[in-house]
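In the numbering used here, the protein residues as written are 306 to 427. Written out below as structure tokens is the structure these notes cover.
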Amino acid sequence: MGLGLLTAIHDATYGHYADKDPHRKWTDGPTFYRGQLSVEKPADTFLSVVGWSKGVAFLNGFNLGRYWPVKGPQCSYYIPAPLFYAGDNDLILLELDDPSTDLWVNFTEAPDYSCHGGVRSV
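Given below as structure tokens:
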């Protein structure tokens, strides 16, 4: 259930950067990212934020918590099945330190205590 590339919510301003290197930092301020995923049958899972810098994650309006993988201690978050809707779900992340155009998240079967993404995606 990997969500893939998230889209910055302020897409209207992104066109200005269309000719820039996609791996270049394209904003200096905090950025909201939104991803949508469809879930057939909700199940307990973990959200991995490996590769992100520092911020807050929300699923369907529920605050999952703050993340800061480079400082720890947590880089994956338990999400109980009842937080998912059968059908469409919204994941929003507020990235505070290092917004980018190529940030990914994964939903995994188990927590990642290493913060290196060494668990299997679901």
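Even for Gly, the Cβ is constructed at its ideal location relative to N, Cα and C. Quick caveat: nothing in here was measured; it's all calculated off a predicted structure.
Where residue i sits in the DSSP three-state scheme
i: Ala-362; result: strand
i: Ser-419; result: coil
i: Val-408; result: The question names Val, but residue 408 is Leu in the sequence shown. Coil.
Per-residue burial, residue i [other beta carbons within 10 Å of its own, 16 or more giving buried]
i: Tyr-338; result: buried
i: Ala-415; result: exposed
i: Asn-411; result: buried
Close beta carbons around residue i, own chain, < 6 Å, minus the five adjacent residues each side
i: Leu-398; result: Tyr-338, Gly-360, Ala-362
Nearest-angstrom Cα separation, counted from residue j out to residue i
i: Gln-341; j: Asn-394; result: 6 Å
i: Asp-403; j: Pro-335; result: 8 Å
i: Arg-371; j: Glu-400; result: 10 Å
i: Leu-369; j: Thr-413; result: 15 Å
i: Pro-347; j: Lys-376; result: 31 Å
i: Ala-386; j: Ser-405; result: 29 Å
Cβ-based neighbour list, residue i, same chain, cut-off 7 Å, excluding 5 preceding and 5 following
i: Asn-365; result: Leu-388, Tyr-390, Asn-394, Asp-395
i: Pro-374; result: Val-354, Val-355, Trp-357, Cys-380, Cys-420
i: Phe-367; result: Leu-388
Contacting residues, own chain, Cβ-Cβ under 8 Å from residue i (five flanking each side not counted)
i: Ser-343; result: Gly-392, Asp-393, Asn-394
i: Glu-345; result: Ala-391
Evaluate the contact criterion for the stretch 346–355 versus the stretch 363–383: three or more CB pairs, one atom per stretch, below 8 Å.
yes
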